[in-house]
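In our numbering, the protein residues as written are 10 to 238.
In what follows, a single structure is set out as C-alpha cells and then discussed.
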Ligand SMILES: Nc1ncnc2c1ncn2[C@@H]1O[C@H](COP(=O)(O)OP(=O)(O)O)[C@@H](O)[C@H]1O
Ligand SMILES: [Mg+2]
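Right, here's the structure in full:
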C-alpha cells in the first residue's frame with residue numbers, strides 16, 4: 010500500500026494585524042490509500058485548517074505536503090486548483106450547492122471547473138451518480154426543494170463526479186438529525202469500502218466511530234491517533 014497523503018513537520022501561521030497565530034505546530038502524518046480518517050478535537054484546535062491544507066484550499070506555512078507522492082507544498086494557485094479539481098472531492102457541513110441549479114446540474118459543477126465539455130457521456134455519469142445517492146426521482150429539483158439529507162446526498166454525488174483520489178468532508182452531518190446522519194455515514198462507509206480514501210472532520214464521537222482511524226488534534230498538535238478497526 011502506498012501513502013496518498015504524507016505531511017512532514019507541517020506548520021500553519023495566520024497573520025492578523027501584524028500578529029502571527031501559530032495554528033498547526035509541526036504535524037507529521039501519513040494516510041494510506043483506502044483509509045477512512047476522522048479528525049477530531051476541540052473547537053479551534055486546527056481541524057478545518059488542516060483539512061483545508063490537505064484539500065489544497067489553503068497553503069501550509071512551513072513543512073511538506075505530498076499528495077499521491079507529488080509535492081504540492083509550493084505549487085502556484087492555478088496548479089493547486091488543477092490538483093483540486095482532478096484529484097479531490099469536497100463535502101461541506103452546509104452542502105454548498107448552487108441554488109439556481111438542479112440536482113443534475115449541481116453534480117456536473119466539478120466537471121465545468123475542469124473545462125470538461127458536458128455531453129451525453131457526462132450527463133449519463135451524473136444521472137448514474139444521482140441514482141446511486143437515491144435521487145433518481147429528483148433530478149430536476151433545486152436545492153430549496155430538497156431536505157438537508159437530500160442536499161448532502163447531492164453534494165456526495167458532486168464530490169464523486171471527477172472520480173477523486175481523496176474525499177474531504179468537514180462536519181458532513183453537522184446540520185443533520187441522527188437518522189439522516191446514519192444514512193449519510195452509511196453512504197460514506199460504502200464509498201470507503203469501494204476503495205475511496207476519506208478524511209472527515211467531526212466533533213461527534215458517534216460519527217467518528219464510522220471511520221477506521223481517529224486522529225485527535227489539540228491546540229495545533231496531534232494528541233492521539235487510534236485505529237477503530
Ligand atoms: N483565516 C483565518 N485567519 C486567521 N485565523 C484563523 C483563520 N482560520 C482559522 N483561524 C484560527 O485558527 C485556529 C484554528 O481554527 P480552525 O482550524 O477553524 O479550528 P477547528 O476547525 O478545529 O475549530 C482558531 O484559533 C481560529 O481562530
Ligand atoms: Mg472547523
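No residue lacks a Cβ here, since even glycine has one placed at the ideal position from N, Cα and C.
With a threshold of 16 other beta carbon atoms within 10 Å, residue 24 falls short and is exposed. For the options 131, 113, 130, 120, the alpha carbon positioned closest to that of residue 139 is the one of 113.
Residue 103 and residue 89 have their C-alpha atoms roughly 23 Å apart. Chain order is used for the residues whose beta-carbon lies nearer than 6 Å to a heavy atom of ligand 1, namely 23, 25, 30, 32, 50, 52, 53, 54, 55, 56, 57, 58. Taking all protein chains shown into account, residue 27 has fewer than 16 neighbouring C-beta atoms within 10 Å of its C-beta and is therefore exposed.
Its chain contains 119, 122, 123, 171 as the residues whose beta carbon lies nearer than 7 Å to that of residue 94, once the 5 sequence neighbours on both sides are disregarded; these appear in chain order. Apart from the 5 residues on each side of it in sequence, residue 185 sits with its Cβ closer than 7 Å to the Cβ of 157, 158, 161, 193 in its chain, given in chain order. Every beta strand (DSSP E) of 3 residues or more that sits fully in the stretch 175-229 is shown, in chain order, as 175-179, 206-210, 222-227.
If you ignore the 5 residues before and after residue 72, its C-beta comes within less than 6 Å of the C-beta of 17, 18, 19, 20, all in its own chain and listed in chain order.
Using a Cβ distance threshold of 8 Å, residue 56 and residue 64 do not count as a contacting pair. Taken through DSSP and simplified to helix, strand or coil, residue 84 comes out as coil. Between ligand 2 and the CB of residue 210, the shortest heavy atom gap is smaller than 7 Å. With respect to residue 98, residue 208 sits apart: the two C-beta atoms are not nearer than 8 Å.
Annotation for residue 113: the continuous alpha helix (DSSP H) segment containing it runs 112-122. For residue 140, the enclosing alpha helix (DSSP H) begins and ends at 129-141. Counting along the chain, residue 163 sits inside the alpha helix (DSSP H) bounded by residues 157-169.
DSSP, reduced to helix, strand and coil, places residue 95 within a helical segment of the structure shown. A straight-line Cα-Cα distance of about 12 Å links residue 141 and residue 197. In the DSSP assignment, residue 144 falls outside any alpha helix (DSSP H) and carries neither an H nor an E.
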